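Chains as they are written, first to last, in full-length UniProt numbering: chain B, 1 to 431; chain G, 1 to 273. Beta carbons are placed, not taken as given, at the ideal position from N, Cα and C, and that holds for glycine. These numbers come from a predicted model, not from an experiment. Written below as structure tokens is the structure these notes are about.
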Amino acid sequence: MSDFDPGRRRFLGHLGLAGMGALGASSFLSACASSASGPTTSNGSGAVTIQSNLSSPQAKAAMEKLIETFNAQGKGTASLNTIASETFRTQLPTYLTSANPPDLYTWYAGSVANDYASKNLLLDVSEVWKSLDDYPQSLRTLSTDASGKQIFVPMNNYWWGFFYRKSNFAKWGVQEPKTWTEFLALCETLKSKGIPPIGIGLGDTPWVASAWFDYLNIRINGAPFHRELLAGKQRFDDPKVKAVFTRWREALPYFDPKGKAYPFQEATTALLAGKTGMFLIGTFFADAAPKDALGDLDFFRFPIIDPAVPLAEEAPTDGFFASAKTANPTGTKALLSYLSGVEAQEAYVKASSGIVLPANPKARASDSPLVVKGKAMLNEAKELTQFFNRDSSDALQPTADTALTKFIDKPDQIDAILREWQAGAEKVFKG
Amino acid sequence: MNKLRTGAFHTGMILLSLLWLGPVLWVVVMSTRSFDDIAAHGVGSLPRSFTLDTYRQAWTDGGELRALINSMLVTVPSVALSLGLAAMAAFALSRFRIPGRRTILLLMLAGNLLPPQILLIPVAKFSELTGLYDTLWALIAVQVGFGLGFYTFVLHGFMRDLPGEIQEAATIDGAGTAQIFTKVMLPLTRPALAALGALSFTWIFNDLLWAITVLRTDDNMPVTPALLALQGQFVSSWNVIAAGTVIAAVPTVAVFLRFQRHFVSGLALGAVK
């Protein structure tokens, strides 16, 4: 309903896959393209171009402000280029492999960035990291590629959790659960009051279901196993993975049956209207909430299933990487240093209005109770994961979407679904 | 009885046209709602607010003015160039005994059968090799190239059916080939050209795929990618997007209304021999 042209989006999705596939082929294409004398718009001292996917009005305005400040400081010049995020996702491989690529890109940390690094497309930014001593080790590891050099500079991260309306929980007389047993009891209470306990939005945004898989897996099998699984070193038809779905089945009767039909934005609307009890989602969903509802929102962490498993949370990290072919590495690094500084990070958090945590430990996040709670939750975690597609690849995500949607429809067929998932994943890892 | 039938016919037709206009009306209504209204009640609910600020946001924050100018800079030359070239090609192929003319025509048509998706990477790389990447020239070249086959095919069919006697008469009166083309053929082909012009204008104006393939700077983007850029990474202001869509639809609707007469007659022409 909210998507006025589903065909185009789906098509672009496939295009993205085609793009990823083409990346492999592009190593020779780029070889032939780089021999061409492309238009030289930037020389060694020219403006640094940032290709940004932050196309939502607030985020775009925030970026524009940052670049303005940077240009006023006189340490170099930069120009911002904001591209529709959907377009950016599909075109990023083309940008990176073109003969005269933009210098700097907004993107995700983790295996997505490492994939590009392994194809020698990313600039070594270890120099920038020398001044980022106080950054936590987890972010440093996340920004380091297989060969040990840093290729990514984080800007901010956010968290996932079960969000709910405080006023509704008070009205229903329920409390935040801590453990899985308490969680199921809460679901049962809500259901007996006639409210679908767990909201979800899988129509057009099937990837939202991956949060459930990620969380159950890191709660039951732990983050290291989860990472290995997504890197193709473990199998999806492993009994350990099946255990994840056995747990999931316990919660499945409490899912909002309408959630299969609409996207997560409408699931947000349903949650705010009190038509569902709670909703496992990332903080970005709050952008879809009317301003007057924001103060009423609260969240709790995904319930603990096995206390012996070290606590891990999903904390997708956004930031920047630079093209290895940049004509102005000095300027690019200067800009990165500026963007990773306290001043820029605080300015971004303030202007973007999104609920994000700055990567720089010295930068102050917004002091709303929600953000304070989210920050504390992430600080408590022993390990941070990114998200399914960020820990694996955009190519593996559709295999998860298929498997998880099928599981929610027909949980009895889990064995067959996992076999198919493994087969699909093998194709992606080989491809 | 007759009255009843007329009444039923009109009721049915009104319902049908409402069904047709429904989505358009929905977008127009959505464009006048506030973001908080949509966020609180969903996109499908009845409007509870009224604002025209969305149009201002789409126009200024969305950079729609710049995007519309870019769109026109691409669309107008592309339509003119591709129809001009196609008319020449069709004239040559339909009125002269050029060796292999059938093969040439089929080859041009066969190009149209290729799905554009498989050509995305080659086109992007080729535009880079020629140094046109990220310029509007690249987009014009692509649009002309991809439209040419189909336009030639349609115009060829149309010109072939024009009576040969007219050309012979012009030749006897001393007209050269160029003169026959500009003074005789083109005026006679006007209905088909007008129909194709309206069609190609809509196609090129509404194209998204090629624009995002050969362009990467936001200042160069035509209106369709600019509309897409109004979408956030996760959450979109549907009211602003709806307003932007309404604005972006104005040029194509204007062109269509202007050429509507030709469009219908152009389609019917050649249907009966």
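Verify the CB distance criterion: does residue i have a CB-CB separation below 8 Å to chain B?
{"i": "residue 21 of chain G", "result": "no"}
{"i": "residue 253 of chain G", "result": "no"}
{"i": "residue 46 of chain G", "result": "no"}
{"i": "residue 133 of chain G", "result": "yes"}
{"i": "residue 217 of chain G", "result": "yes"}
{"i": "residue 212 of chain G", "result": "yes"}
{"i": "residue 244 of chain G", "result": "no"}
{"i": "residue 50 of chain G", "result": "no"}
{"i": "residue 39 of chain G", "result": "yes"}
{"i": "residue 154 of chain G", "result": "no"}
{"i": "residue 124 of chain G", "result": "yes"}
{"i": "residue 201 of chain G", "result": "no"}
Whose C-alpha, out of the options, is nearest the C-alpha of residue i?
{"i": "residue 159 of chain G", "options": "G:54, G:187, G:144 and G:141", "result": "G:187"}
{"i": "residue 238 of chain G", "options": "G:4, G:3, G:31 and G:10", "result": "G:31"}
{"i": "residue 96 of chain G", "options": "G:181, G:82 and G:33", "result": "G:181"}
{"i": "residue 50 of chain G", "options": "G:243, G:125 and G:91", "result": "G:243"}
{"i": "residue 370 of chain B", "options": "B:352, B:417, B:299 and B:354", "result": "B:299"}
{"i": "residue 284 of chain B", "options": "B:244, B:273 and B:297", "result": "B:297"}
{"i": "residue 48 of chain B", "options": "B:280, B:178, B:307 and B:334", "result": "B:334"}
{"i": "residue 222 of chain G", "options": "G:257, G:63 and G:144", "result": "G:63"}
{"i": "residue 156 of chain G", "options": "G:139, G:166, G:101 and G:183", "result": "G:101"}
{"i": "residue 100 of chain B", "options": "G:216, G:249 and G:255", "result": "G:216"}
{"i": "residue 206 of chain B", "options": "B:268, B:73, B:261 and B:301", "result": "B:261"}
{"i": "residue 151 of chain G", "options": "G:248, G:39, G:184 and G:112", "result": "G:112"}
{"i": "residue 84 of chain B", "options": "G:10, G:28, G:208 and G:39", "result": "G:208"}
{"i": "residue 275 of chain B", "options": "B:327, B:199, B:151 and B:75", "result": "B:199"}
{"i": "residue 269 of chain B", "options": "G:241, G:253, G:255 and G:235", "result": "G:235"}
{"i": "residue 155 of chain B", "options": "B:58, B:281, B:227 and B:337", "result": "B:337"}
{"i": "residue 82 of chain G", "options": "G:201, G:230 and G:218", "result": "G:201"}
{"i": "residue 446 of chain B", "options": "B:222, B:367 and B:380", "result": "The question about residue 446 of chain B has no answer here: the residues shown for chain B are numbered 1 through 431."}
{"i": "residue 116 of chain G", "options": "G:145, G:133, G:104 and G:99", "result": "G:145"}
{"i": "residue 82 of chain B", "options": "B:76, B:75, B:92 and B:73", "result": "B:92"}
Label residue i either buried or exposed according to how many other C-beta atoms from any shown protein chain fall within 10 Å of its C-beta, with 16 as the threshold for buried.
{"i": "residue 174 of chain G", "result": "exposed"}
{"i": "residue 45 of chain G", "result": "exposed"}
{"i": "residue 16 of chain G", "result": "exposed"}
{"i": "residue 212 of chain B", "result": "buried"}
{"i": "residue 2 of chain G", "result": "exposed"}
{"i": "residue 28 of chain B", "result": "Reliability of the predicted coordinates at residue 28 of chain B is poor, the pLDDT of 37 falling under 50, and the value obtained from them is presented with this limitation in mind. Flag for residue 28 of chain B reads exposed."}
{"i": "residue 5 of chain G", "result": "exposed"}
{"i": "residue 188 of chain B", "result": "exposed"}
{"i": "residue 239 of chain B", "result": "exposed"}
{"i": "residue 393 of chain B", "result": "buried"}
{"i": "residue 131 of chain B", "result": "exposed"}
{"i": "residue 407 of chain B", "result": "buried"}
{"i": "residue 361 of chain B", "result": "exposed"}
{"i": "residue 60 of chain G", "result": "exposed"}
Whole-angstrom Cβ separation of residue i and residue j, contact assumed at under 8 Å?
{"i": "residue 213 of chain G", "j": "residue 123 of chain G", "result": "6 Å"}
{"i": "residue 317 of chain B", "j": "residue 359 of chain B", "result": "7 Å"}
{"i": "residue 159 of chain B", "j": "residue 313 of chain B", "result": "6 Å"}
{"i": "residue 235 of chain B", "j": "residue 306 of chain B", "result": "Their Cβ separation, rounded to whole angstroms, is 21 Å, which puts residue 235 of chain B and residue 306 of chain B out of contact at 8 Å."}
{"i": "residue 120 of chain G", "j": "residue 211 of chain G", "result": "About 12 Å separates the two Cβ atoms, so there is no contact after all."}
{"i": "residue 230 of chain B", "j": "residue 396 of chain B", "result": "7 Å"}
{"i": "residue 280 of chain B", "j": "residue 380 of chain B", "result": "No, residue 280 of chain B and residue 380 of chain B are not in contact; Cβ-Cβ is about 18 Å, not under 8 Å."}
Does chain G have any CB closer than 8 Å to the CB of residue i?
{"i": "residue 291 of chain B", "result": "yes"}
{"i": "residue 102 of chain B", "result": "yes"}
{"i": "residue 367 of chain B", "result": "no"}
{"i": "residue 427 of chain B", "result": "no"}
{"i": "residue 284 of chain B", "result": "yes"}
{"i": "residue 134 of chain B", "result": "no"}
{"i": "residue 77 of chain B", "result": "no"}
{"i": "residue 31 of chain B", "result": "Reliability of the predicted coordinates at residue 31 of chain B is poor, the pLDDT of 37 falling under 50, and the value obtained from them is presented with this limitation in mind. It does not; no Cβ of chain G falls within 8 Å."}
{"i": "residue 86 of chain B", "result": "yes"}
{"i": "residue 99 of chain B", "result": "yes"}
{"i": "residue 195 of chain B", "result": "no"}
{"i": "residue 287 of chain B", "result": "yes"}
{"i": "residue 433 of chain B", "result": "For residue 433 of chain B there is no data in the structure shown, the boundaries of chain B being 1 and 431."}
{"i": "residue 399 of chain B", "result": "no"}
{"i": "residue 332 of chain B", "result": "no"}
- Task: Could you pull out every unbroken alpha helix (DSSP H) segment of at least 4 residues lying fully inside the region 214-266 of chain B, listed in chain order?
- Result: 223-230 and 239-251
- Just list the alpha helix (DSSP H) runs in the region 59-132 of chain G, keeping only unbroken ones of 4 residues or longer that don't cross its boundaries, in chain order. 64-95, 101-113 and 120-129
- Task: May I have a chain-ordered list of the beta strand (DSSP E) segments no shorter than 3 residues that lie completely inside the region 288-374 of chain B?
- Result: 297-300, 312-314 and 317-322
- Message: My parser needs the beta strand (DSSP E) runs of 3 or more residues fully inside the region 381-407 of chain B; what are they?
- Response: 383-385
- Kindly provide the ranges of any alpha helix (DSSP H) runs that are 4 or more residues long and lie completely inside the region 65-98 of chain B, ordered along the chain. 85-97
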